[in-house]
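K.L.:
Numbers given in my numbering equal positions in the sequence shown, counted from 1, plus 532.
We put the CB at the ideal spot given by N, CA and C, even for glycine.
Please read through the structure below; I'll follow up with questions.
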Amino acid sequence: MSTATRLVFISMVAFAQPARAEGVLHDLASEIATRLDALRAAHAPKPAVPVAVKWKPQRLSSIELGAPLVALTAGDLDGDGRAELYAVTTHEVIAFAVGEHHVKELSRVAFVGEPAVPASRDPVGTAVVEGRVVYASSSAFARGIKVSWRGKQLAADLGESGFELCAGERAVLVAGRDYFGDDKNGYYGVRCAEIADAAGKPQRARALLGMTGKLEVTVDAAHYAFAKIGTAFELADLDRDGKPELVFASANAPGEADEVRAVTLGDDEKKTKWKKAFNAGGVAGIAVGDFDGAPAVIAAVRLVGSTRVDLWRLN
């Protein structure tokens, strides 16, 4: 019986009893107040429970994707309480189960629809998780796809034109280019996240990477700026203390050594919490997912032009 139904039932019982000058209505009002307090408490924000982050980078696997990687994300699409890793190439979306020391490919599904004309100068892609769906886009196709699980296989439905950058936010590439916006105000990408503060209240975090390599980050009314940021970056509260972290790759030229850094928003950028250098290969994607009870950072590293990536778990 639902709470509302029980309250109506209580009211009917109360008025069916012989009237008393005092007691019945008082008891009814008290019961209703108690249950309303319980409902409010059940839906009240819950304070964040901090977890210790142990940075221990390890290479999980080297995987042949079959096409260039253009986006990386994570989410619990199958509803088992553990996130899966989703790699988006120019032609497919690939799901992986992530363990502490390994990854396992679960399923692949191809993009559908007409090819994009004209094609972008460099391959571009996005991936946004909304509920039980990954909205994936590739510059090789005119429209994105909506990816979900059907049994033990991934399935794709044709989506909208353009690129899903954040939930409800879409953009189109400049014709023949690898950036959004226009020639004067172009940008390479956007990441969004909803992160609970220390009291459990949701905060909307948004990061936009401009063509100069400057990253503009807003968290509700707060604003932060970072320089020399690569196209692989992510927002998350890694230690669950209510303060978001920015995890990002450097803006080195393709073919040069790369690195991943993590910094808490509001802290000194020069005093990063952690960094990891990769001497062979650049960082093509970063994703954060709750794979086994706490947020973990996954980085995809590849050589220039290669369709094979090394997947690294960083914590």
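Where does Val-665 fall in DSSP's three states?
P.N.:
Working through the sequence shown from its first residue, we reach residue 665 at position 133. In the structure shown, Val-665 sits in a strand (DSSP, three-state: E or B).
K.L.:
Gly-721 lies in the beta strand (DSSP E); which residues open and close that run?
P.N.:
One-based indexing of the sequence shown puts residue 721 at position 189. It spans 719-728 - the beta strand (DSSP E) in which Gly-721 sits, taken as one unbroken run.
K.L.:
Is the beta carbon of Val-620 less than 7 Å from the beta carbon of Ala-668?
P.N.:
Mapped onto the sequence shown, residue 620 falls at position 88. Mapped onto the sequence shown, residue 668 falls at position 136. For Val-620 and Ala-668, yes; Cβs fall inside 7 Å.
K.L.:
If we count Cβ pairs, one from each stretch, closer than 8 Å, do we get three or more for the region 678-693 versus the region 706-714?
P.N.:
Output reads no: the region 706-714 does not touch the region 678-693.
K.L.:
Return the Cβ separation of Ile-677 and Val-722 in integer angstroms, given the expectation that the two are a contact with Cβ distance under 8 Å.
P.N.:
Counting from one through the sequence shown, the residue named residue 677 turns up at place 145. Counting from one through the sequence shown, the residue named residue 722 turns up at place 190. About 19 Å separates the two Cβ atoms, so there is no contact after all.
K.L.:
Closer than 6 Å: is that where the CB of Tyr-720 sits relative to any heavy atom of the ligand ADP?
P.N.:
Ligands are entirely absent from the displayed structure, and the ligand ADP is therefore not among its contents.
K.L.:
Once you ignore the five residues that flank Ala-674 on each side, which residues in its own chain have a CB closer than 8 Å to its CB?
P.N.:
Position 142 of the sequence shown, counted from the start, is the residue given in the question as residue 674. The residues are Gly-645, Glu-646, Pro-647, Ala-648, Val-649, Ser-693.
K.L.:
Looking only at DSSP bridge pairs, what is Thr-621 linked to?
P.N.:
Taking the sequence shown and counting its residues from 1, one reaches residue 621 at position 89. Paired residue(s): Leu-601.
K.L.:
With distances taken between CB atoms, is the gap from Ile-595 to Val-815 smaller than 7 Å?
P.N.:
Taking the first residue of the sequence shown as 1, we reach residue 595 at position 63. Taking the first residue of the sequence shown as 1, we reach residue 815 at position 283. No, the pair does not count as a contact, with Cβ atoms beyond the cut-off.
K.L.:
What does a CB cutoff of less than 7 Å around Val-656 pick up in its chain, not counting 5 residues either side in sequence?
P.N.:
In the sequence shown, counting from the first residue as 1, residue 656 sits at position 124. Only Val-602, Ser-671, Leu-705, Asp-710 meet the Cβ criterion.
K.L.:
Apply the 10 Å Cβ neighbour rule to Ile-564 and answer buried if 16 or more other Cβ atoms are within range, or exposed otherwise.
P.N.:
For the purposes of this step, residue 564 is taken as the residue at position 32 of the sequence shown. When all chains shown are included, Ile-564 counts as exposed.
K.L.:
Which residues in the same chain as Asp-769 place their Cβ atom closer than 6 Å to its Cβ, once the five residues preceding and following it in sequence are excluded?
P.N.:
Residue 769 sits at position 237 when you count from the first residue of the sequence shown. Taken in chain order, the residues that qualify are Ile-727, Pro-776.
K.L.:
Should the region 781-797 be called in touch with the region 598-614, which here means at least 3 C-beta pairs below 8 Å?
P.N.:
Too few Cβ pairs lie closer than 8 Å, so no.
K.L.:
Roughly how many angstroms lie between the CA atoms of Asp-822 and Asn-847, to the nearest whole one?
P.N.:
By 1-based counting over the sequence shown, the position of residue 822 is 290. By 1-based counting over the sequence shown, the position of residue 847 is 315. Cα to Cα, the separation comes out at about 11 Å.
K.L.:
List the endpoints of the continuous beta strand (DSSP E) containing Thr-763.
P.N.:
Within the sequence shown, residue 763 is the residue found at index 231, counting from 1. From DSSP, the beta strand (DSSP E) with Thr-763 extends over 761-768.
K.L.:
Taking 7 Å as the cut-off, decide whether the C-beta atoms of Met-743 and Gly-708 are in contact.
P.N.:
Counting from 1 along the sequence shown, the entry for residue 743 is found at position 211. Counting from 1 along the sequence shown, the entry for residue 708 is found at position 176. Taking 7 Å as the Cβ cut-off, Met-743 and Gly-708 do not qualify as a contacting pair.
K.L.:
Specify the secondary structure class of Glu-646 as computed by DSSP and reduced to three states.
P.N.:
The residue labelled residue 646 in the question sits at position 114 within the sequence shown. Note: Glu-646 maps to coil in three-state DSSP.
K.L.:
Using the C-alpha atoms, what's the distance from Tyr-618 back to Val-630?
P.N.:
In the sequence shown, counting from the first residue as 1, residue 630 sits at position 98. In the sequence shown, counting from the first residue as 1, residue 618 sits at position 86. Each residue's alpha carbon lies about 10 Å from the other.
K.L.:
May I have the straight-line CA-CA distance separating Arg-591 from Gly-607, to the nearest angstrom?
P.N.:
In the sequence shown, counting from the first residue as 1, residue 591 sits at position 59. In the sequence shown, counting from the first residue as 1, residue 607 sits at position 75. Taking the straight line from one Cα to the other gives about 21 Å.
K.L.:
Going by DSSP, which residues form a beta bridge with Ala-812?
P.N.:
As a working note, residue 812 is residue 280 in the sequence shown. Paired residue(s): none; Ala-812 is not in a bridge.
K.L.:
Of the choices Ala-781, Ser-782, Gly-798, whose alpha-carbon is the least far from that of Ala-754?
P.N.:
Sequence index remark: in the sequence shown, residue 754 carries index 222 (1-based). Residue Gly-798 is the option with its Cα nearest to Ala-754.
K.L.:
Quick one: using the 10 Å Cβ neighbour count with 16 as the cut-off for buried, is Gly-613 buried or exposed?
P.N.:
In the sequence shown, the residue the question calls residue 613 occupies position 81. Gly-613 is exposed by the Cβ-count criterion.
K.L.:
Of the choices Asn-811, Val-581, Thr-763, Ala-561, whose alpha-carbon is the least far from that of Asp-771?
P.N.:
Within the sequence shown, the letter at position 239 stands for residue 771. Of Asn-811, Val-581, Thr-763, Ala-561, the residue nearest in Cα terms is Val-581.
K.L.:
Please report the straight-line C-alpha distance between Thr-605 and Val-660, rounded to a whole angstrom.
P.N.:
Within the sequence shown, numbered from 1, the residue matching residue 605 stands at position 73. Within the sequence shown, numbered from 1, the residue matching residue 660 stands at position 128. Roughly 7 Å separates the two Cα atoms.
K.L.:
Between Val-749 and the rest of its own chain, which residues show a CB-CB distance below 6 Å, the 5 nearest in sequence each way excluded?
P.N.:
Stepping through the sequence shown from its first residue, residue 749 is reached at position 217. Cβ neighbours of Val-749 beyond the five flanking positions: Ala-739, Tyr-756.
K.L.:
With a threshold of 7 Å on Cβ separation, who are the neighbours of Arg-702 within its own chain once the five nearest residues in sequence on each side are excluded?
P.N.:
Within the sequence shown, numbered from 1, the residue matching residue 702 stands at position 170. The residues are Glu-692, Gly-694, Phe-695, Glu-696.
K.L.:
In the DSSP output, what is Ala-687 paired with across the bridge?
P.N.:
Along the sequence shown, one-based indexing puts residue 687 at 155. Answer is Ser-680.
K.L.:
Compute the distance between the beta-carbons of Gly-774 and Asp-729, then report whether it is under 7 Å.
P.N.:
The residue you call residue 774 lines up with position 242 of the sequence shown. The residue you call residue 729 lines up with position 197 of the sequence shown. In this structure, Asp-729 lies closer than 7 Å to Gly-774 by Cβ.
K.L.:
Using only alpha-carbon positions, find the residue among Thr-658, His-633, Ile-626, Glu-637 that is nearest to Ser-680.
P.N.:
The count along the sequence shown starts at 1 and reaches residue 680 at position 148. Considering only alpha carbons, the answer is Ile-626.
K.L.:
Between Leu-767, Lys-807, Val-583, which has its C-alpha nearest Val-820's C-alpha?
P.N.:
In the sequence shown, the residue the question calls residue 820 occupies position 288. Nearest option by C-alpha distance: Leu-767.
K.L.:
Using a threshold of 7 Å, state whether the C-beta atoms of Phe-758 and Glu-791 are closer than that.
P.N.:
As a position in the sequence shown, residue 758 is number 226, starting the count at 1. As a position in the sequence shown, residue 791 is number 259, starting the count at 1. No, the Cβ-Cβ distance between Phe-758 and Glu-791 is not below 7 Å.
K.L.:
Hey, would you say Arg-793 sits closer than 7 Å to Lys-803, going by beta carbons?
P.N.:
The residue you call residue 793 lines up with position 261 of the sequence shown. The residue you call residue 803 lines up with position 271 of the sequence shown. No; because the gap between Cβ atoms is not below 7 Å, this pair is not in contact.
K.L.:
With distances taken Cα to Cα, identify the nearest neighbour of Ala-828 among Arg-845, Arg-834, Val-836.
P.N.:
In the sequence shown, counting from the first residue as 1, residue 828 sits at position 296. When only C-alpha atoms are compared, the closest one is Arg-845.
K.L.:
Are the beta-carbon atoms of Leu-835 and Gly-813 separated by less than 7 Å?
P.N.:
As a working mapping, residue 835 is identified with position 303 in the sequence shown. As a working mapping, residue 813 is identified with position 281 in the sequence shown. Taking 7 Å as the Cβ cut-off, Leu-835 and Gly-813 qualify as a contacting pair.
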